[in-house]
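**Q**
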Amino acid sequence: MATYYPPFRKQSPYLPFGEQRTGRFYGKDILSVKQFNRADLEYIFGVAHEMREMVERIGTFDLLKGKILANLFYEPSTRTSSSFTAAMERLGGSVIPINEVRYSSVAKGESLPDTVRTLECYADVIVLRHPEIGASALAAQYARKPIINAGDGVGEHPTQALLDLFTIVSELNQVDGLTVTMLGDLKYGRTVHSLARLLSLYDVKLNYVSPEILRMPAEIIQELNEKNIVQKEFTTLDEVLPQTDVLYVTRVQKERFENMDEYESVKDAYVITPEVMREAKDRMIVMHPLPRVGEISMEFDNDPRAAYFRQMEYGLYVRMALLAMVLGRA
Amino acid sequence: MATYYPPFRKQSPYLPFGEQRTGRFYGKDILSVKQFNRADLEYIFGVAHEMREMVERIGTFDLLKGKILANLFYEPSTRTSSSFTAAMERLGGSVIPINEVRYSSVAKGESLPDTVRTLECYADVIVLRHPEIGASALAAQYARKPIINAGDGVGEHPTQALLDLFTIVSELNQVDGLTVTMLGDLKYGRTVHSLARLLSLYDVKLNYVSPEILRMPAEIIQELNEKNIVQKEFTTLDEVLPQTDVLYVTRVQKERFENMDEYESVKDAYVITPEVMREAKDRMIVMHPLPRVGEISMEFDNDPRAAYFRQMEYGLYVRMALLAMVLGRA
Amino acid sequence: MATYYPPFRKQSPYLPFGEQRTGRFYGKDILSVKQFNRADLEYIFGVAHEMREMVERIGTFDLLKGKILANLFYEPSTRTSSSFTAAMERLGGSVIPINEVRYSSVAKGESLPDTVRTLECYADVIVLRHPEIGASALAAQYARKPIINAGDGVGEHPTQALLDLFTIVSELNQVDGLTVTMLGDLKYGRTVHSLARLLSLYDVKLNYVSPEILRMPAEIIQELNEKNIVQKEFTTLDEVLPQTDVLYVTRVQKERFENMDEYESVKDAYVITPEVMREAKDRMIVMHPLPRVGEISMEFDNDPRAAYFRQMEYGLYVRMALLAMVLGRA
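Protein chains in written order, with our numbering: chain A, 1 to 330; chain R, 331 to 660; chain S, 661 to 990.
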């Protein structure tokens with residue numbers, strides 16, 4: 001008789017003899033920050049913290065030895081791609097790097113579901129970066145293996161939001177009670193939208209500092225209002241900086257402005273320098289999703305409050321945690 | 331005295347102490363389906379089946395630990411490249427991915443023999459995809475290490491033909507006695523040419539269903555006639571579908587037609603849908619080399635006869651087998 | 661309290677419990693041939709020779725298991741990139757391949773220091789290829805982890821010079837007393853400049869054979885004069901070939917000439933053929949940094965004096981040695 005595989009199942013087909021599969025995220029997709037509650041976040045950050053301790057103590061360990069990650073990037077993102085590659089390799093797993101999909105099957109017209117169903121024949125988990133909103137959800141609908149959304153257009157980038165929050169937890173040892181100020185382009189930045197949503201699970205105060213034309217979208221503000229989050233909007237940083245525990249800086253892109261005079265006037269108002277930071281607390285952190293292009297002066301980099309490179313390192317631990325979790329090893 | 335290496339030798343220079351090198355393909359190149367007889371195929375499929383059992387039981391194992399594959403792709407092919415990468419990684423080996431040769435040394439004018447002789451200084455086996463017919467044979471002529479042809483232009487793509495046949499063997503447990511129907515573009519598809527050649531080693535009946543202008547080339551038909559293979563040609567599927575055990579679908583590309591009316595009339599006649607498949611046997615399989623672009627409707631994907639994604643998985647096992655064999659481990 | 665990392669430190673942050681870190685290059689950058697003295701070279705070549713013996717005996721070993729190399733190439737170089745990848749993999753380590761930086765963060769305007777400081781969050785060592793002179797030194801200034809310069813524009817390519825010298829040492833068992841003839845484009849080739857500098861640490865005679873417009877730069881000649889190295893310049897090879905122990909061939913590029921007649925007359929004078937080589941010693945070697953485009957005829961490849969492919973293999977061992985050394989394992 002022919003050997004027929006069951007067409008769709010949400011678990012790895014490879015069940016090594018006698019192996020335990022545990023954890024609340026085993027076989028799950030990571031698609032959106034909306035899928036997490038506070039207990040989920042505590043669980044993820046607990047595992048991420050263990051990953052950090054293991055990496056600091058022994059550098060790498062073979063928790064995912066023999067597992068394969070398909071790193072499927074429909075648009076380039078060195079930072080995110082490298083971070084997932086390193087995360088898999090530090091856990092002893094292997095990576096299939098796929099960076100040129102625009103030149104290959106997809107260029108021949110293949111659909112995302114077919115590409116994903118092909119790759120899951122080779123890999124145990126798929127990380128997907130795609131320029132279109134909803135791409136990860138579509139992929140997850142067809143895939144038997146776990147999908148991790150590494151950014152889908154202006155949609156979600158959940159692992160970025162998780163690493164942002166893990167940075168805050170790790171650096172300040174708390175989230176409840178903090179004042180978080182988001183600065184720059186709050187209209188188009190999916191990073192700040194996702195982070196704001198995650199923060200709304202905690203008891204925080206949010207300040208939004210932006211030019212008039214780049215304000216936080218009304219639907220985000222309303223969504224957080226319904227959760228009783230105190231939110232205030234400003235156009236300059238100086239009135240909120242002294243009370244800020246977390247300053248989250250984003251890039252204000254020239255292309256967003258029709259009026260270049262307006263851009264010029266705004267641009268310099270939002271540059272973080274050692275001088276500006278004299279007004280801030282001693283114990284607070286400055287974050288940035290990177291890359292930066294002048295929003296934070298390099299003179300500030302050696303200040304202990306400059307957390308943006310450490311933020312990258314926390315991202316490694318969060319992604320190690322997610323990979324281990326969806327593969328049933330944490 | 332100077333240390334002079336023997337210039338050309340067809341075996342790995344690395345002979346770990348006390349290690350056994352066995353198997354009929356140790357140190358051999360995999361260049362063409364024409365190099366295999368029936369005993370070879372049984373040997374390959376036996377190893378591939380073992381690979382499958384190992385992967386299903388433990389996911390990965392260290393048979394090729396410490397071996398390095400140079401994955402040299404002069405033209406992009408995500409599917410084939412990923413499959414070989416996964417095959418090597420599931421055997422515990424490592425991969426040097428080389429996807430941009432057009433931008434590098436080759437762009438500076440380096441010859442294929444020089445590129446291959448450089449890469450074999452670093453790797454133990456080379457997988458080569460090249461747009462020109464005969465490229466793999468040329469490379470093999472100069473290389474000391476084994477070359478595996480992963481497609482050379484309109485020439486050969488032997489590992490595709492092997493995985494196609496392994497799919498048939500695995501799904502239907504036999505080849506002798508089967509009726510295989512090839513559908514679509516039979517003129518330009520190297521896939522169907524190579525598969526037809528391999529099938530001619532068995533006692534099969536072949537049906538060719540294609541538009542007039544995309545018929546199976548006369549030299550293939552003659553070659554198989556000499557081996558007493560029963561071959562019949564058709565322009566529509568309905569008369570042969572009920573007797574078909576293996577339906578091999580390929581893409582009919584618009585660009586092949588001068589007359590768009592002819593294309594339009596033909597196009598829909600060759601689309602596989604659940605409705606069309608009502609006329610087929612219950613126990614048969616539908617195959618496709620992928621990517622597909624509408625030749626098989628997605629509604630058919632959940633039918634147990636839809637074997638095209640399983641086909642990808644069989645490809646992994648065949649490539650694992652070939653890598654292990656040419657490196658003397660199977 | 662917040663967990664603040666010390667901002668800059670020249671050592672791996674991962675110090676596995678009980679692990680020994682030794683060696684004169686532990687945590688160091690490899691930026692320029694100028695940083696080495698003769699004792700350094702002996703140390704490096706000693707380790708490289710051990711690497712060769714290990715590879716020849718067992719193919720690969722886990723000296724750098726768990727270590728991660730970020731292979732950061734701002735311009736393509738299949739040869740150098742593959743060599744470092746293989747070197748890391750033969751030592752049991754992993755690689756993050758980054759070949760498309762022009763399309764990613766850097767395209768968004770990110771500075772090299774930021775890119776390097778991000779990557780060192782994921783990796784233990786960074787290999788950098790960059791089109792601008794001084795790029796590696798800039799990167800090293802900001803990085804906590806070791807930087808290995810894999811070529812920065814017309815500047816340095818120290819690992820090429822080291823592998824060139826290691827080839828000479830391995831093939832001829834000595835450097836002192838040798839006559840080294842450099843042939844071709846001596847003006848623009850950073851390879852010959854770096855090698856000449858390294859050779860000046862030894863007691864060698866140097867012959868420079870080139871067209872008038874492609875002579876060895878005056879500053880190199882002066883630098884070596886100060887070290888009492890005997891240097892002679894020629895325009896044809898025949899008068900020095902019989903005394904030559906090492907013939908280092910480079911490519912004469914058409915684009916360097918304004919006068920095409922001059923190019924045509926010169927071109928053929930510098931092509932190495934079996935006939936030309938009849939005038940050379942029996943025991944000498946011909947080297948070339950590769951890729952070659954006609955400077956050495958393929959008919960010469962099987963001559964035991966043709967060392968240019970072995971040169972690639974020596975490059976693997978030198979790069980294995982450097983990686984092991986800067987990571988404190990040799």
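Ideal placement from N, C-alpha and C gives every residue a C-beta, glycine not left out.
Which residue or residues does DSSP assign as beta-bridge partners of Ile98(A)?
**A** Here residue 98(A) refers to the residue found at position 98 of the first sequence. Leu72(A).
**Q** Please classify Ser12(A) as buried or exposed, where buried requires at least 16 neighbouring CB atoms within 10 angstroms.
**A** For the purposes of this step, residue 12(A) is identified with residue 12 of the first sequence, where counting begins at 1. Residue confidence for Ser12(A) is low, a pLDDT of 39 falling below 50, so the modelled location carries little weight and cannot support an answer.
**Q** Scan the stretch 782-855 of chain S and note each continuous alpha helix (DSSP H) run of 4 residues or more that stays entirely inside, going in chain order.
**A** The stretch 782-855 of chain S contains these whole alpha helix (DSSP H) runs: 795-802 and 818-832.
**Q** If Ile426(R) and Thr745(S) are in contact, beta carbons under 8 Å, what's the gap, nearest whole angstrom?
**A** Taking the second sequence and counting its residues from 1, one reaches residue 426(R) at position 96. Taking the third sequence and counting its residues from 1, one reaches residue 745(S) at position 85. Between Thr745(S) and Ile426(R) the Cβ distance is about 5 Å, and since that is below 8 Å, they are a contact.
**Q** Thr509(R) touches chain A at which residues, Cβ-Cβ below 8 Å?
**A** Counted from its first residue, the second sequence places residue 509(R) at position 179. In chain order: nothing, as chain A lies at least about 15 Å away.
**Q** Would you say Pro217(A) and Lys187(A) are within 8 Å of each other, going by their C-beta atoms?
**A** Residue 217(A) sits at position 217 when you count from the first residue of the first sequence. Residue 187(A) sits at position 187 when you count from the first residue of the first sequence. Yes. Within cutoff.
**Q** Could you name the residues of chain R that Pro757(S) contacts, counting a contact when the two beta carbons are closer than 7 Å?
**A** What you label residue 757(S) is simply residue 97 of the third sequence in a count that begins at 1. By Cβ distance, chain R contributes Pro427.
**Q** Roughly how many angstroms separate the alpha carbons of Glu594(R) and Ser83(A), rounded to a whole number?
**A** The sequence position of residue 594(R) within the second sequence is 264, counting from 1. The sequence position of residue 83(A) within the first sequence is 83, counting from 1. Using only the alpha carbons, I get a separation of about 47 Å.
**Q** Quick check on the DSSP output: the alpha helix (DSSP H) that includes Asn885(S) runs from which residue to which?
**A** As a position in the third sequence, residue 885(S) is number 225, starting the count at 1. Counting along the chain, the alpha helix (DSSP H) containing Asn885(S) begins and ends at Ala878 to Asn885.
**Q** Determine the DSSP secondary structure at Tyr208(A), reduced to helix, strand or coil.
**A** Indexing the first sequence from 1 puts residue 208(A) at position 208. Here Tyr208(A) sits in strand by DSSP.
**Q** Leu323(A): buried (16+ other C-beta within 10 angstroms of its C-beta) or exposed?
**A** For the purposes of this step, residue 323(A) is taken as the residue at position 323 of the first sequence. Leu323(A) is buried by the Cβ-count criterion.
**Q** Less than 8 Å between CB atoms is the rule here; does Leu290(A) satisfy it with respect to chain S?
**A** Along the first sequence, one-based indexing puts residue 290(A) at 290. At least one chain S Cβ lies under 8 Å of Leu290(A).
**Q** Between which residues of its own chain and Gly719(S) is the CB-CB distance below 8 Å, once the five residues before and five after are set aside?
**A** By 1-based counting over the third sequence, the position of residue 719(S) is 59. Excluding sequence neighbours, Gly719(S) sits near Arg750.
**Q** Quick check: is the beta carbon of Phe587(R) nearer than 8 Å to any beta carbon in chain A?
**A** Taking the first residue of the second sequence as position 1, residue 587(R) is located at position 257. No - not a single Cβ of chain A is within 8 Å of the one on Phe587(R).
**Q** Which term fits Ser104(A), buried or exposed, when burial requires 16 or more other beta carbons within 10 angstroms of its beta carbon?
**A** Position 104 of the first sequence, counted from the start, is the residue given in the question as residue 104(A). Here the model assigns Ser104(A) a pLDDT of 49, short of 50, so the residue's position is not dependable, and the following value carries that caveat. With 16 or more Cβ atoms within 10 Å of its Cβ, Ser104(A) is classed as buried.
**Q** When you compare each of His618(R), Leu529(R) and Glu592(R) to Asn367(R) by their alpha carbons, which one comes out closest?
**A** Taking the first residue of the second sequence as 1, we reach residue 367(R) at position 37. The candidate whose alpha carbon is nearest that of Asn367(R) is Leu529(R).
**Q** Please confirm if Leu646(R) has its CB atom under 8 Å from at least one CB of chain A.
**A** Taking the second sequence and counting its residues from 1, one reaches residue 646(R) at position 316. By this cut-off, Leu646(R) is an interface position.
**Q** Pick helix, strand or coil for Tyr647(R), following the three-state DSSP scheme.
**A** In the second sequence, counting from the first residue as 1, residue 647(R) sits at position 317. In this structure, Tyr647(R) counts as helix in the three-state DSSP scheme.
**Q** What residues in the stretch 166-192 of chain A have a beta carbon less than 8 Å from any beta carbon of chain S?
**A** The residues in question are Ser170, Glu171, Leu172 and Asn173.
**Q** Shortest alpha-carbon distance to Met320(A) belongs to which of Thr235(A), Lys267(A), Ile148(A) and Val192(A)?
**A** Mapped onto the first sequence, residue 320(A) falls at position 320. The option with the nearest alpha carbon to Met320(A) is Ile148(A).
**Q** Just the chain S side, please: which residues come within less than 8 Å of Leu449(R) by C-beta, in chain order?
**A** For the purposes of this step, residue 449(R) is identified with residue 119 of the second sequence, where counting begins at 1. Ordered by position in chain S, the residues that pass the 8 Å Cβ test against Leu449(R) are Ser742.
**Q** Roughly how many angstroms lie between the CA atoms of Phe25(A) and Leu502(R), to the nearest whole one?
**A** For the purposes of this step, residue 25(A) is taken as the residue at position 25 of the first sequence. For the purposes of this step, residue 502(R) is taken as the residue at position 172 of the second sequence. Looking at the two C-alpha atoms, the distance is approximately 37 Å.
**Q** Select from Val579(R), Ala491(R) and Ala526(R) the residue whose C-alpha is nearest the C-alpha of Met617(R).
**A** Sequence index remark: in the second sequence, residue 617(R) carries index 287 (1-based). Answer by Cα proximity: Val579(R).
**Q** For the beta strand (DSSP E) containing Tyr234(A), list its first residue and its last residue.
**A** Indexing the first sequence from 1 puts residue 234(A) at position 234. Reading off the sequence, residue 234(A) comes out as Phe, not Tyr. First-last of the beta strand (DSSP E) with Phe234(A): Val230 to Phe234.
**Q** Grouping DSSP H, G and I as helix and E and B as strand, with all else coil, what is Tyr578(R)?
**A** Reading the second sequence from its first residue, position 248 is the one you call residue 578(R). In the structure shown, Tyr578(R) sits in a strand (DSSP, three-state: E or B).
**Q** Select from Glu56(A), Ala196(A), Val33(A) and Arg251(A) the residue whose C-alpha is nearest the C-alpha of Ala150(A).
**A** To locate residue 150(A), count along the first sequence from 1; it is residue 150. The shortest Cα separation from Ala150(A) among Glu56(A), Ala196(A), Val33(A) and Arg251(A) belongs to Val33(A).
**Q** Helix, strand or coil: how does DSSP classify Arg659(R) here?
**A** Mapped onto the second sequence, residue 659(R) falls at position 329. Note: Arg659(R) maps to coil in three-state DSSP.
**Q** Who are the neighbours of Ile398(R) on chain S, taking C-beta pairs under 9 Å?
**A** Residue 398(R) sits at position 68 when you count from the first residue of the second sequence. Under the 9 Å cutoff, chain S gives Gly719, Thr720, Thr745, Ala746, Glu749 and Arg750.
**Q** Alpha carbon to alpha carbon, what distance is there between Tyr202(A) and Ile221(A)?
**A** Position 221 of the first sequence, counted from the first residue, corresponds to residue 221(A). Position 202 of the first sequence, counted from the first residue, corresponds to residue 202(A). Cα to Cα, the separation comes out at about 15 Å.
**Q** Which residues in the same chain have their Cβ closer than 7 Å to the Cβ of Gln253(A), if we skip the five residues on either side of it in sequence?
**A** Within the first sequence, the letter at position 253 stands for residue 253(A). So the qualifying residues of the chain are Asp185.
**Q** Quick check on Tyr686(S) - is its C-beta less than 8 Å from some C-beta in chain A?
**A** For this step, residue 686(S) is matched to residue 26 along the third sequence. Taking Cβ atoms only, chain A never reaches closer than 8 Å to Tyr686(S), which makes this a no.
**Q** What are the start and end residues of the beta strand (DSSP E) that includes Met381(R)?
**A** To locate residue 381(R), count along the second sequence from 1; it is residue 51. No beta strand (DSSP E) contains Met381(R), which is instead part of the alpha helix (DSSP H) from Arg368 to Ile388.
**Q** Decide if the stretch 203-214 of chain A is in contact with the stretch 273-285 of chain A; the criterion is three or more beta carbon pairs, one per stretch, under 8 Å apart.
**A** They do not touch, by the three-pair rule.
**Q** What does DSSP give as the partner residues of Ile285(A) in its beta bridges?
**A** Within the first sequence, the letter at position 285 stands for residue 285(A). Per DSSP, Val246(A).
**Q** Quick one: using the 10 Å Cβ neighbour count with 16 as the cut-off for buried, is Val560(R) buried or exposed?
**A** Counting from one through the second sequence, the residue named residue 560(R) turns up at place 230. It is exposed - the Cβ of Val560(R) has fewer than 16 other Cβ atoms within 10 Å.
**Q** Could you check if Ala699(S) is buried or exposed, using at least 16 other CB atoms within 10 Å of its CB as the buried criterion?
**A** Position 39 of the third sequence, counted from the start, is the residue given in the question as residue 699(S). Ala699(S) should be labelled exposed.
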